Amino acid sequence: MSLIVSGLTKIYGEQRAVDNISFEVKPGEVLGFLGPNGAGKSTTMKMLTGYVPQTAGKASICGYDVTSQSMEAKKNTGYLPENNPLYPEMYVREFLLFTGRLNRVKSCRSRVAEMIELTGLKTEQRKKIGLLSKGYRQRVGIAQSLLHDPQVLIMDEPTSGLDPNQLADIRNLIKELGKEKTIIFSTHIMQEVQAICNRVIIVNKGRIVADDAIERLQQRSSDEITITVEFKQDADKNTLQQIAGVKKVTSTADKKWQVTGSAGLQEAIFQYAVRNQLTIVALSEKAQTLEQVFKDLTKNG
Numbered sequence: 129m130s131l132i133v134s135g136l137t138k139i140y141g142e143q144r145a146v147d148n149i150s151f152e153v154k155p156g157e158v159l160g161f162l163g164p165n166g167a168g169k170s171t172t173m174k175m176l177t178g179y180v181p182q183t184a185g186k187a188s189i190c191g192y193d194v195t196s197q198s199m200e201a202k203k204n205t206g207y208l209p210e211n212n213p214l215y216p217e218m219y220v221r222e223f224l225l226f227t228g229r230l231n232r233v234k235s236c237r238s239r240v241a242e243m244i245e246l247t248g249l250k251t252e253q254r255k256k257i258g259l260l261s262k263g264y265r266q267r268v269g270i271a272q273s274l275l276h277d278p279q280v281l282i283m284d285e286p287t288s289g290l291d292p293n294q295l296a297d298i299r300n301l302i303k304e305l306g307k308e309k310t311i312i313f314s315t316h317i318m319q320e321v322q323a324i325c326n327r328v329i330i331v332n333k334g335r336i337v338a339d340d341a342i343e344r345l346q347q348r349s350s351d352e353i354t355i356t357v358e359f360k361q362d363a364d365k366n367t368l369q370q371i372a373g374v375k376k377v378t379s380t381a382d383k384k385w386q387v388t389g390s391a392g393l394q395e396a397i398f399q400y401a402v403r404n405q406l407t408i409v410a411l412s413e414k415a416q417t418l419e420q421v422f423k424d425l426t427k428n429g
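Right under this line is the structure:
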């Protein structure tokens with residue numbers, strides 16, 4: 129495993145910012161780390177990268193304990209914090225050479241050139257960081273986090289505040305990096321998660337409330353489900369509304385209906401068709417959006 133977290137806890141005074149969380153991340157996996165503001169996402173990332181000590185529990189990166197073997201763990205970790213601290217008075221290439229040497233990167237000049245090419249900074253490399261757009265500053269932060277060729281990349285809100293074009297560029301870059309690296313990143317933009325991640329962890333009030341592939345999360349049972357059904361024959365709206373558990377019936381096209389109700393609705397529609405001698409031509413369940421899943425899991429704490 130690239131990352132193993134076991135019972136990780138962080139307490140500030142009487143507040144449990146992170147409450148006994150455990151998970152594992154495999155090599156080459158892109159994990160979306162989601163949660164409302166104050167859920168413990170950034171605190172977790174700071175503990176994993178060694179910036180904040182944990183109150184209890186353990187975490188290891190590439191087999192190295194982040195506390196007792198912190199230097200080895202950090203050698204295998206790239207970190208882009210939320211505020212992306214940079215030196216605005218330094219030039220892009222100068223800054224990357226500086227941080228590369230601090231990390232004792234071998235063949236530092238050639239590695240910096242490689243990262244400049246990878247992150248699309250070639251035309252900006254001789255500019256001062258303070259003069260760059262936020263999108264390019266994010267690229268500089270990503271380049272810096274990759275200089276020492278870490279196996280695990282941890283990114284806190286990497287797309288925050290970017291315009292649509294910048295979002296697309298950073299999204300594509302993360303997808304490319306995900307082919308070789310293990311990536312954990314937090315965001316509030318659900319479209320980014322669906323475009324990039326193959327797995328999602330949702331935290332709320334310091335605890336994990338979901339950990340699964342996006343497709344399976346969207347298929348989780350909820351208070352309501354919506355079925356689209358098409359019959360070969362004409363169906364009657366009034367009788368459809370009388371099916372047990374049905375809350376709403378809408379005609380969407382000729383002989384096609386959208387039925388909303390409680391769990392078990394699909395079976396009830398089949399039974400309705402049999403009773404009324406109707407032939408079902410097509411039937412499908414509308415998947416929840418990731419945003420709706422997120423709201424359902426975090427709205428009540």
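Plus 128 on top of the position in the sequence shown (first one is 1) and you've got this note's numbering. All C-beta atoms in this analysis are idealised placements derived from N, C-alpha and C, irrespective of residue type, glycine included. Since the model is a prediction, treat every value here as computed from it, not as a measurement.
Using 8 Å as the threshold, is the C-beta distance between residue i and residue j below it?
i, j, result
"Val387", "Val409", "no"
"Leu467", "Ile353", "Because residue 467 is not part of the residues shown, which for the chain are 129 to 429, the question remains open."
"Tyr207", "Thr227", "no"
"Leu290", "Gly263", "yes"
"Ala338", "Leu425", "yes"
"Thr137", "Thr183", "yes"
"Ile132", "Ser188", "yes"
"Gly163", "Ser150", "no"
"Gly269", "Asn212", "yes"
"Ala145", "Gly334", "yes"
"Lys303", "Ile324", "yes"
Going by other Cβ atoms of all chains shown within 10 Å of its Cβ, with 16 needed for buried, is residue i buried or exposed?
i, result
"Pro216", "exposed"
"Gly160", "buried"
"Leu309", "The sequence given here has Lys at residue 309, not Leu. Classification for Lys309: buried."
"Gln266", "buried"
"Asp362", "exposed"
"Leu91", "Limits of the chain in this structure are 129 at one end and 429 at the other, which puts residue 91 out of reach."
"Tyr140", "exposed"
"Ile191", "According to the sequence shown, residue 191 is Gly rather than Ile. Exposed."
"Ala372", "exposed"
"Gly168", "buried"
"Pro292", "exposed"
To the nearest angstrom, how far is it from the Cα of residue i to the Cα of residue j?
i, j, result
"Val220", "Met243", "11 Å"
"Val180", "Ile330", "21 Å"
"Glu200", "Thr251", "34 Å"
"Arg327", "Ser412", "24 Å"
"Leu260", "Gln253", "10 Å"
"Ser196", "Gly185", "13 Å"
"Phe313", "Leu368", "45 Å"
"Asn204", "Met218", "26 Å"
"Val402", "Thr380", "22 Å"
"Val240", "Leu249", "11 Å"
"Phe422", "Thr378", "26 Å"
"Asn404", "Gln370", "13 Å"
"Lys234", "Val280", "19 Å"
"Ile317", "Phe398", "38 Å"
"Glu395", "Lys427", "29 Å"
"Ser130", "Lys307", "14 Å"
"Ala271", "Gln294", "16 Å"
"Ser238", "Leu214", "21 Å"
"Pro286", "Phe359", "47 Å"
"Ala296", "Asp147", "34 Å"
"Gly156", "Met283", "15 Å"
"Glu245", "Ser170", "29 Å"
"Lys375", "Lys384", "17 Å"
Tell me the DSSP bridge mates of residue i?
i, result
"Tyr207", "Ile282"
"Arg327", "Leu159"
"Asn332", "Arg335"
"Tyr140", "Gln143"
"Phe226", "Answer is none; Phe226 lacks a bridge partner."
"Ser379", "Trp385"
"Tyr179", "Paired residues: none, contrary to the question."
"Glu245", "Glu245 is not bridged to any residue."
"Thr310", "Val280"
"Lys186", "Ser134"
"Phe422", "In DSSP, Phe422 forms no bridge with anything."
"Leu259", "In the DSSP output, where bridge partners are listed per residue, Leu259 has none listed."
"Glu343", "Answer by DSSP bridge pairing: none, since Glu343 is not bridged."
Please name the residue in the options whose C-alpha comes closest to that of residue i.
i, options, result
"Thr417", "Phe313, Thr367, Lys169 and Gln319", "Gln319"
"Asp382", "Ser390, Lys376 and Lys365", "Lys365"
"Gln322", "Gly334, Ile336, Asn332 and Arg299", "Arg299"
"Met431", "His276, Pro209 and Ala296", "With the chain running from 129 to 429 in the structure shown, residue 431 is simply not present."
"Ala415", "Ile355, Asp297 and Ser273", "Ile355"
"Lys256", "Gly168, Asp284, Pro278 and Glu222", "Glu222"
"His276", "Glu285, Thr287 and Cys236", "Cys236"
"Gly166", "Gln143, Ala391 and Asn148", "Gln143"
"Arg232", "Lys202, Glu245, Asp193 and Thr247", "Lys202"
"Glu343", "Leu274, Glu419 and Thr315", "Glu419"
"Ser273", "Glu152, Thr247 and Asp193", "Thr247"
"Val153", "Leu305, Lys375, Glu245 and Ile311", "Ile311"
"Ser288", "Pro278, Leu305, Thr315 and Leu301", "Thr315"
Taking 8 Å as the threshold (beta carbon to beta carbon), is residue i in contact with chain B?
i, result
"Gly178", "Absent from the structure is chain B; it holds one protein chain and no more."
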